[in-house]
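S.K.: Chains as they are written, first to last, in this note's numbering: chain D, 76 to 303; chain B, 17 to 241. For every residue, glycine included, the Cβ atom is placed at its ideal position computed from N, Cα and C. Can you keep this structure in mind? I'll have questions shortly.
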């Protein structure tokens, strides 16, 4: 009985220390995306984005395409990791009725992911992603009127962006492409390459962290032990 | 003799005028088209739907010197008023109007990522980018033309196309305002901007050379007569 109690006490102390080290040691913010999404998506000519863009994100009445996933900014190790997806992102030509036969390019179940991307602390809660960083973009794309949905993967899409930490909240703007994120649009291969650029505005709030969950569980165990 | 000289001078001028740009001097690009997307949030939660507005006056000057590339200056103006309808009231207000928005910076970092031609890709960073905004809101109490200034970094991708003779830029700026006093929670107004511009011709060396030559020719001619 005594032996059991001492084990319980030692375990509780060790657990508390572990929790304290987790809570105060690192400064990683594991956050769940609460809202926000894609508010920019461009398809470009084979030369440059901007005035020559031929496709743009069609929000269909929705101001954004909602993303879901998680983002983790470690302000001590200065790294950013994320994985999130968008159910559907439809892009239609800016002018005219189609782009080389395609009336729209529809991205479905697109996942954007990167792990341990170095960030730079610019002060004032601002963190810079880049330069020369990449992320993977994968999913399927359908060219309406030209080809059926087909899988695509851009493992080295250019990643640019910045994050702002205000209190517990995190706001990140991340841009994927146009370098490393292109494919042909239309029936003529190799001549109608389109660069794509997707920009996500992510707002994230802290999730119940592992430390808090573990602390709660240990508190429960301690209470149970005391009762016994 | 003079005719021969004039011919040589004209040929040299033409060569200078039509030769590929050497990027020795900074090139100023002016706004063709572009837009900015504004989002508002408090503590990582959106309080308004994103608003897209047109850029009204924009110019970017870059120096593509291979030894020391740099973004010389950047100026972005957004035409107002831009009403931001709040889905969640902020400091007692249901909507905020951005009367005007102006972003400017100088001496930015320009890092070559993919060499051109036809399209060179750069990473750019301007820190700080000065943000000047004038906001107003209906009461109670009404706020009229309140100037809000802040600084925030701007970074993104910059592409220079030799085929289109065009610069395009997609950048991300995050600014944090506390427009209604220090007691209100910080309102994060985030601005994404996408921009495309063409170079602005400046009186360059070739033109000056041509003017000088013409003056010299006419002077010699008048002296002969």
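1. Just the chain D side, please: which residues come within less than 9 Å of residue 137(B) by C-beta, in chain order?
2. Tell me which residues share the same chain as residue 132(B) and place their Cβ nearer than 7 Å to its Cβ, disregarding the 5 neighbours each side in the sequence.
3. I'd like to check one pair, residue 250(D) with residue 236(D): are the Cβ atoms closer than 8 Å?
4. Please classify residue 110(B) as buried or exposed, where buried requires at least 16 other C-beta atoms within 10 Å of its C-beta.
5. Can you check whether the CB of residue 183(B) is closer than 8 Å to the CB of residue 76(B)?
6. For residue 269(D), count the other beta carbons within 10 Å of its own beta carbon; 16 or more makes it buried, fewer makes it exposed. Which is it?
7. Keeping to the same chain, check which residues put their C-beta closer than 8 Å to that of residue 51(B); ignore five residues upstream and five downstream.
8. Is DSSP giving residue 242(B) helix, strand or coil here?
9. By DSSP, does residue 99(D) sit in helix, in strand, or in coil?
10. Grab me the residues of residue 154(B)'s own chain with a C-beta within less than 8 Å of its C-beta, minus the 5 sequence neighbours each way, in chain order.
11. Once the 5 residues before and after residue 42(B) are set aside, which same chain residues still bring their CB inside 6 Å of it?
12. Distance check for residue 167(D) and residue 131(D), CA to CA, integer angstroms please.
13. Measure the C-alpha to C-alpha separation of residue 228(D) and residue 158(B) and round it to an integer number of angstroms.
14. Beta-carbon within less than 6 Å of residue 91(B)'s beta-carbon, same chain only, minus the 5 sequence neighbours each way: which residues are those?
15. Output the distance between the C-alpha atoms of residue 104(B) and residue 65(B), rounded to the nearest integer angstrom.
16. Does the beta carbon of residue 141(B) come closer than 8 Å to any beta carbon on chain D?
17. Given this structure, state the Cα-to-Cα distance separating residue 84(B) from residue 163(D), to the nearest angstrom.
18. Work out the CA separation of residue 298(D) and residue 199(D) for me, nearest whole Å.
19. Quick one: which unbroken beta strand (DSSP E) runs of 3-plus residues sit fully inside the region 35-111 of chain B? Chain order, please.
20. Please decide whether residue 165(B) counts as near chain D, where near means a Cβ-Cβ distance under 8 Å.
21. For residue 113(D) and residue 139(D), what's the separation of their Cα atoms in angstroms?
22. Got a sec? Which residues, its chain only, sit under 8 Å from residue 101(D) by beta carbon, not counting five neighbours each side?
23. Near residue 127(B), what residues of its chain come up, given a Cβ to Cβ distance below 7 Å and the 5 sequence neighbours on each side ignored?
24. Counting only Cβ-Cβ distances shorter than 7 Å, please list the residues of the region 44-71 of chain B near chain D, keeping chain order.
25. At a CB-CB cut-off below 9 Å, which residues of chain B make contact with residue 149(D)?
26. Is there a Cβ of chain B sitting closer than 8 Å to that of residue 207(D), yes or no?
27. Would you report the Cα separation of residue 191(B) and residue 185(B), rounded to the nearest angstrom?
28. Taking C-beta to C-beta, are residue 56(B) and residue 204(B) nearer than 8 Å?
29. How about residue 114(B) and residue 149(B): do their beta carbons lie closer than 8 Å?
30. Whose C-alpha, out of 107(D), 210(D), 202(D), is nearest the C-alpha of residue 143(D)?
31. Return the bridge partner residues of residue 107(D) from the DSSP annotation.
32. I need the DSSP call for residue 152(D), collapsed to helix, strand or coil.
33. Excluding five sequence neighbours on each side, which residues of the same chain lie with their C-beta closer than 7 Å to the C-beta of residue 255(D)?
34. To the nearest angstrom, how far is the alpha carbon of residue 238(D) from that of residue 248(D)?
35. Show which residues of chain D have a CB atom less than 9 Å away from the CB atom of residue 146(B).
36. Measuring only between beta-carbons, confirm whether residue 78(B) sits less than 8 Å from chain D.
M.R.: In brief:
1. As a first step, residue 137(B) must be located in the second chain, where it is residue number 121. Here the neighbours are 233, 253, 254.
2. The residue labelled residue 132(B) in the question sits at position 116 within the second chain. Contacts found: 176, 178.
3. Position 161 of the first chain, counting from 1, holds the residue named residue 236(D). Position 175 of the first chain, counting from 1, holds the residue named residue 250(D). Contact flag set, yes.
4. Along the second chain, read from residue 1 onward, the residue named residue 110(B) stands at position 94. With fewer than 16 Cβ atoms within 10 Å of its Cβ, residue 110(B) is classed as exposed.
5. Residue numbering aside, residue 76(B) sits at position 60 when the second chain is read from its first letter. Residue numbering aside, residue 183(B) sits at position 167 when the second chain is read from its first letter. Taking 8 Å as the Cβ cut-off, residue 76(B) and residue 183(B) qualify as a contacting pair.
6. The sequence position of residue 269(D) within the first chain is 194, counting from 1. Buried, by the Cβ-count rule.
7. Counting from one through the second chain, the residue named residue 51(B) turns up at place 35. Here the set comprises 68, 69, 70, 71, 209, 210.
8. In this structure chain B extends from 17 to 241, so residue 242(B) is not present and cannot be described.
9. Within the first chain, numbered from 1, the residue matching residue 99(D) stands at position 24. At residue 99(D), the pLDDT of 43 sits below 50, so the modelled position is not reliable; the number obtained from the coordinates is stated separately. Of the three classes helix, strand and coil, the one that applies to residue 99(D) here is helix, per DSSP.
10. Numbered from its first residue, the second chain carries residue 154(B) at position 138. Correct list, in chain order: 109, 110, 111.
11. Walking along the second chain from the start, residue 42(B) turns up at place 26. So the list reads 77, 79, 88, once near-sequence residues are dropped.
12. Within the first chain, residue 131(D) is the residue found at index 56, counting from 1. Within the first chain, residue 167(D) is the residue found at index 92, counting from 1. Looking at the two C-alpha atoms, the distance is approximately 6 Å.
13. As a working mapping, residue 228(D) is identified with position 153 in the first chain. As a working mapping, residue 158(B) is identified with position 142 in the second chain. Distance between the alpha carbons of residue 228(D) and residue 158(B): 51 Å.
14. Here residue 91(B) refers to the residue found at position 75 when the second chain is read from its first residue. Taken in chain order, the residues that qualify are 75, 120.
15. Taking the second chain and counting its residues from 1, one reaches residue 104(B) at position 88. Taking the second chain and counting its residues from 1, one reaches residue 65(B) at position 49. Going from the Cα of residue 104(B) to the Cα of residue 65(B) covers about 10 Å.
16. Translated into the one-based positions of the second chain, residue 141(B) becomes position 125. Cβ-Cβ to chain D under 8 Å: yes for residue 141(B).
17. Here residue 84(B) corresponds to residue number 68 of the second chain, with the count starting at 1. Here residue 163(D) corresponds to residue number 88 of the first chain, with the count starting at 1. Taking the straight line from one Cα to the other gives about 42 Å.
18. Against the first chain, residue 199(D) aligns to sequence position 124. Against the first chain, residue 298(D) aligns to sequence position 223. Going from the Cα of residue 199(D) to the Cα of residue 298(D) covers about 43 Å.
19. Complete beta strand (DSSP E) runs here, min 3: 43-58, 67-79, 86-94, 98-106.
20. On the second chain, position 149 is the one that residue 165(B) refers to. With 8 Å as the cut-off, residue 165(B) does not count as an interface residue toward chain D.
21. As a working note, residue 113(D) is residue 38 in the first chain. As a working note, residue 139(D) is residue 64 in the first chain. Using only the alpha carbons, I get a separation of about 5 Å.
22. Reading the first chain from its first residue, position 26 is the one you call residue 101(D). Any answer about residue 101(D) is weak, because its pLDDT of 43 lies below 50 and its placement is not dependable; what the coordinates show is given next. Correct list, in chain order: 149, 151, 152.
23. On the second chain, residue 127(B) is found 111 positions in, with the first residue counted as 1. The answer, listed in chain order, is 138, 139.
24. Interface annotation for the region 44-71 of chain B against chain D: 48, 49, 53, 55, 57, 59, 60, 61, 62, 65, 66, criterion Cβ-Cβ distance under 7 Å.
25. Mapped onto the first chain, residue 149(D) falls at position 74. Within chain B, no residue comes near residue 149(D); the closest Cβ sits about 17 Å away, beyond 9 Å.
26. For the purposes of this step, residue 207(D) is identified with residue 132 of the first chain, where counting begins at 1. Cβ-Cβ to chain B under 8 Å: yes for residue 207(D).
27. Here the question's residue 191(B) lines up with position 175 in the second chain. Here the question's residue 185(B) lines up with position 169 in the second chain. Cα to Cα, the separation comes out at about 19 Å.
28. The sequence position of residue 56(B) within the second chain is 40, counting from 1. The sequence position of residue 204(B) within the second chain is 188, counting from 1. Their beta carbons are under 8 Å apart, which means residue 56(B) touches residue 204(B) by this criterion.
29. Locating residue 114(B) in the second chain gives position 98, counting from the first residue. Locating residue 149(B) in the second chain gives position 133, counting from the first residue. Yes.
30. Along the first chain, read from residue 1 onward, the residue named residue 143(D) stands at position 68. Looking at the Cα atoms, 107(D) is the closest of the given residues.
31. Position 32 of the first chain, counting from 1, holds the residue named residue 107(D). 145(D), 280(D), per the DSSP bridge assignment.
32. The count along the first chain starts at 1 and reaches residue 152(D) at position 77. Residue 152(D) falls in the coil class under three-state DSSP.
33. Taking the first residue of the first chain as 1, we reach residue 255(D) at position 180. Here the set comprises 209, 229, 231, 232, 233.
34. Here residue 238(D) refers to the residue found at position 163 when the first chain is read from its first residue. Here residue 248(D) refers to the residue found at position 173 when the first chain is read from its first residue. Rounded to the nearest angstrom, the two C-alpha atoms are 6 Å apart.
35. Looking up residue 146(B) in the second chain gives position 130. Here the premise fails: no neighbours, minimum Cβ distance about 14 Å.
36. Translated into positions along the second chain, residue 78(B) becomes position 62. So, not an interface residue.
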